Ligand code: PLP
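Residue numbers (my numbering): 2 to 452.
The following block contains the structure:
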């Protein structure tokens, strides 16, 4: 029986009794009870107490077209009636998977013309990890197995995705990282750049990749994976010198470049893909989240002609998921892409929304406790600091101030995330100018109440 009619306290008690939440301190949550979200429209969520909350995070960086689009529900219903499931293993295919693969080939830059479908961002990166090793083995270089990634990068929380990521809290649990994955430092100038100029720092951090390759031997390195703009690590927009140097190094040493576009894909940085914003030419791109605007789970590994040719001509790639290319998920993703394209949402996000959001966001930089604001398209962060000049950190345990500020945002009916003592936004791409004003007003109030 649906439980919508139950009072909030009863829902919270059932939640505490039976539901284990991801990335959550269970006892702490259960002591106060989860906020129960019951509906959503546009950029606003509604909770079980009838409060309207501005979702500054587009769910988890994913509801790019905003909430409440009937067309996606109708696409799912149509597909469920026509063909609710069939697999793409064992010599069969179906129209939604074919159509989505072809559409993604049109949208993705360069010759990323081939889609391997997955169920999420994490398992897309697991696919990538196995695929790059299979690729090099097929090319007669089975020794190229090491994948290099970055500390504080995020690539999911499965054994593969969590190992590729450089989150120490994740590595601490469950035996990660798995072998043959190694990390270099991130290009976070504000936090780690010291007296260097951002340009020199970006170059130095990129050159760590070259040093790592030379240290390991280029015949050992399969790929480098990174997010064009780090999201979960704190919206880290690299200095302009960073990506050109990374591209040069990958080209020079024949290292596959994997752009993890789970957040930066589908308009988040103001262009269809973060690789276009950063001017890079990946061999593989990880997609999820905005691919369906989060309405249904789906992920994809988009690979170049050369990678696809090699995989196709090698022994069978013994990898895949029951739900690879799920027809209902593919139909929803196709409808989402149609809306993003035909309604000019990506174009407008880049030309109209991003500049307005940047101005509103940067205006928070005059708050006495804000050290730095940064923004790339529609993903932004601000660092809270006790001393802007020295780019200092708070004496309290890292993240304490961020947690308080996040709570103050929530109390003011605004969802912002915190990463350490940095506040993050990533609103739906359809946010209006008036809603951006509201977001900035609530964020300022939360900052005032934090200090
Ligand atoms: N890669 C990046 C860049 C992400 O931000 C995320 C999730 O936030 C993932 C991978 C993992 O995706 P999922 O949570 O769908 O497994």
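Cβ atoms here follow ideal geometry from the backbone N, Cα and C, with glycine treated the same way. Since the model is a prediction, treat every value here as computed from it, not as a measurement.
Enclosing beta strand (DSSP E) for residue i [first to last residue]
i: residue 385; result: 380–385
i: residue 183; result: 182–185
i: residue 226; result: 222–227
Per DSSP, the bridge partner or partners of residue i
i: residue 172; result: Residue 172 pairs with nothing; no bridge assigned.
i: residue 335; result: Bridge partners of residue 335: none, in fact.
i: residue 373; result: 384
i: residue 254; result: None; residue 254 has no bridge partner.
i: residue 119; result: 300
i: residue 416; result: 56
i: residue 260; result: 227 and 286
i: residue 177; result: Answer is none; residue 177 lacks a bridge partner.
i: residue 68; result: 43
i: residue 48; result: 38
i: residue 424; result: 383 and 419
Buried or exposed by the 16-neighbour rule on C-beta atoms within 10 Å, applied to residue i
i: residue 42; result: exposed
i: residue 178; result: buried
i: residue 1; result: Residue coverage of the chain in this structure runs from 2 to 452, which leaves residue 1 outside it and unanswerable.
i: residue 5; result: exposed
i: residue 25; result: exposed
i: residue 382; result: buried
i: residue 79; result: exposed
i: residue 396; result: exposed
i: residue 314; result: exposed
i: residue 231; result: buried
i: residue 328; result: buried
i: residue 86; result: exposed
i: residue 219; result: exposed
i: residue 385; result: buried
i: residue 323; result: exposed
i: residue 145; result: buried
i: residue 22; result: exposed
The alpha helix (DSSP H) enclosing residue i, as first and last residue numbers
i: residue 305; result: No alpha helix (DSSP H) contains residue 305, which is instead part of the beta strand (DSSP E) from 300–305.
i: residue 147; result: First-last for residue 147: 147–151, but that is the beta strand (DSSP E), not the alpha helix (DSSP H).
i: residue 213; result: 199–217
i: residue 58; result: Careful: residue 58 lies outside any alpha helix (DSSP H) and carries neither H nor E.
i: residue 347; result: 346–349
i: residue 104; result: 96–108
i: residue 5; result: Counting along the chain, residue 5 falls outside any alpha helix (DSSP H), and DSSP gives it neither H nor E.
i: residue 265; result: That residue, residue 265, is in no alpha helix (DSSP H); it is neither H nor E in DSSP.
Three-way DSSP call (helix, strand, coil) for residue i in this model
i: residue 309; result: helix
i: residue 132; result: helix
i: residue 329; result: helix
i: residue 42; result: strand
i: residue 365; result: helix
i: residue 155; result: coil
i: residue 113; result: strand
i: residue 409; result: helix
i: residue 281; result: coil
i: residue 247; result: helix
i: residue 354; result: helix
i: residue 237; result: strand
| Should the region 291–301 be called in touch with the region 273–280, which here means at least 3 C-beta pairs below 8 Å? | The region 291–301, when compared against the region 273–280, does not touch it at the 8 Å Cβ threshold.
| request: Say whether the region 153–161 touches the region 354–372, bearing in mind that this needs 3 or more beta-carbon pairs closer than 8 Å, one atom from each stretch. | output: No, because fewer than three Cβ pairs between the region 153–161 and the region 354–372 fall closer than 8 Å, the two stretches do not touch.
| task | Give a yes or no on contact between the region 220–239 and the region 139–155, applying the rule of three or more CB pairs nearer than 8 Å. | result | Short answer: they touch.
| Is the region 437–444 in contact with the region 402–421, if contact means three or more CB pairs nearer than 8 Å? | The answer is yes - the region 402–421 touches the region 437–444, with three or more Cβ pairs under 8 Å.
| said: Below 8 Å, how does it come out for the region 343–353 and the region 90–106: are there three or more Cβ pairs, yes or no? | reply: They do not touch, by the three-pair rule.
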